[in-house]
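So for the sequence shown, our numbering puts the first residue at 104; every next one is plus one. To start, the structure itself, in structure tokens.
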Amino acid sequence: MYERVIGRDLCALCGACLSLCPYLWSFEGRIVALNQCDLTQGRCFDYCPRTEVDIEAIHQKVFRHGYKDIEMGSFRRILMSRATDQGFRDRGQSGGVVSTFIDSALKEDIIDAAVLTHRDVNHLPEGRVVRTREEVLACAGSSYVASPTLESLNKKNWKETERIGIVGTPCQVLALAKMRDSALEKRTPIDQVSLVVGLFCTWAFSYDLFLAFLERRVGGSQIYKLDITPPPERLLKVSTDSESLDIPLDEVRPFIRPTCGVCLDMTCELADISVGTVEGLEGWNTVVVRTQRGEELFSLAEARGVVETRPLPEESLKHLRAASLGKKQRALLTLKDGGELGHVYLRLSPELIQRILSGVTEDDA
104 MYERVIGRDL
114 CALCGACLSL
124 CPYLWSFEGR
134 IVALNQCDLT
144 QGRCFDYCPR
154 TEVDIEAIHQ
164 KVFRHGYKDI
174 EMGSFRRILM
184 SRATDQGFRD
194 RGQSGGVVST
204 FIDSALKEDI
214 IDAAVLTHRD
224 VNHLPEGRVV
234 RTREEVLACA
244 GSSYVASPTL
254 ESLNKKNWKE
264 TERIGIVGTP
274 CQVLALAKMR
284 DSALEKRTPI
294 DQVSLVVGLF
304 CTWAFSYDLF
314 LAFLERRVGG
324 SQIYKLDITP
334 PPERLLKVST
344 DSESLDIPLD
354 EVRPFIRPTC
364 GVCLDMTCEL
374 ADISVGTVEG
384 LEGWNTVVVR
394 TQRGEELFSL
404 AEARGVVETR
414 PLPEESLKHL
424 RAASLGKKQR
434 ALLTLKDGGE
444 LGHVYLRLSP
454 ELIQRILSGV
464 TEDDA
């Protein structure tokens, strides 16, 4: 694990390895090894989203078919939505749909608890188990900093009957898929995870570097919200208790974690339902419904009137597809340039690699 992932700066800080191994701990935005483990490869290595991944095989198990859509993965429908509750819209990101989905799943007895990401006063994110609307709201909003959220899934003393929901980024959701598919004896409650809400993610910041930058820019002001605007603005909007700053993204790109450069997934393709922003339309979320469970949750939210929906503009969908495919192409080129790096991480057929690099969809093929 240390040789192939942590030592190569490939750790995604998803948290899947934590509270399994007594030697791996999270500390201020990074994973540290406290001692030398006597296992060559254990659960931590098996669950890691940066160890061997057969994308086509995982999609076959999740969706019962191969990797069809090279741009955004498998889905049933794509639309735009926002919460009807102003509290979720104010506290959440964009349209507040993610918080609304989790709150609805708890109220409607779809899940008994959820694992979300919470940020402390120093903007350090961590996983938190929630069961109430107030706890969901306390975790609303994005920090754009990598978080070991899955540690809370591993270390919580769950009851055997509890159904668990998780909100995660693509690397975290990939780790969940690897946990579920692992042949090793499971010591996690992965089989109790019955709902996965995915977050669109292009990259995440390293905590220490990003925090130092923010402290230089805002001083002692308390940051209460961060937002990244889509093209053409490309700004990091920082809202504090005294001012609002617009920072060009080029100023914060140096703080992006190196592992994000080899990730192919922007729209969280292995989730039940995936959520992002709508390009050029403030206050709305893009929603990608992928599985039957995701369809059930979204339909229920619509029926209860807790979300309102509209068709996603064709131009927005076109840009989303292009952005998602572009991330895959950049990652494949990075892996190719890295030589042996590709042999310890990604498993894709030569035909699929060529389709992605050339932008050829299944229909075109």
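The beta carbon of each residue, even a glycine, is placed where N, CA and C say it ideally should be. Just so we're clear, the structure is a prediction, and the values are computed from it rather than from any experiment.
The criterion of a C-beta distance shorter than 8 Å is not satisfied by residue 253 and residue 234. In terms of CA proximity to residue 367, 427 leads the group 427, 420 and 394. In the DSSP assignment, residue 221 is bridged to 229. When the Cα atoms are used, residue 257 and residue 119 turn out to be separated by approximately 7 Å.
Annotation for residue 328: the continuous beta strand (DSSP E) segment containing it runs 326 to 331. By the criterion of at least three beta-carbon pairs nearer than 8 Å, the stretch 376 to 395 is in contact with the stretch 295 to 309. Looking at the DSSP output, residue 182 shares a beta bridge with 390.
Straight-line measurement puts the Cα of residue 341 at about 7 Å from the Cα of residue 330. Nearest to residue 370 by alpha-carbon distance, out of 460, 227, 299 and 379, is 379. Of the residues 195, 224 and 179, the one whose Cα lies closest to the Cα of residue 186 is 195. Excluding residues up to 5 positions away in sequence, 249 and 251 lie with their Cβ nearer than 6 Å to the Cβ of residue 116 in the same chain.
When only Cα atoms are considered, residue 131 and residue 311 end up about 7 Å apart. DSSP, read as helix, strand or coil, puts residue 358 in helix. Taking all protein chains shown into account, residue 137 has fewer than 16 neighbouring C-beta atoms within 10 Å of its C-beta and is therefore exposed. Residue burial annotation: residue 382 is buried, with at least 16 other C-beta atoms found within 10 angstroms of its C-beta.
Straight through space, the alpha carbons of residue 345 and residue 283 are spaced by roughly 46 Å. Taken through DSSP and simplified to helix, strand or coil, residue 414 comes out as coil.
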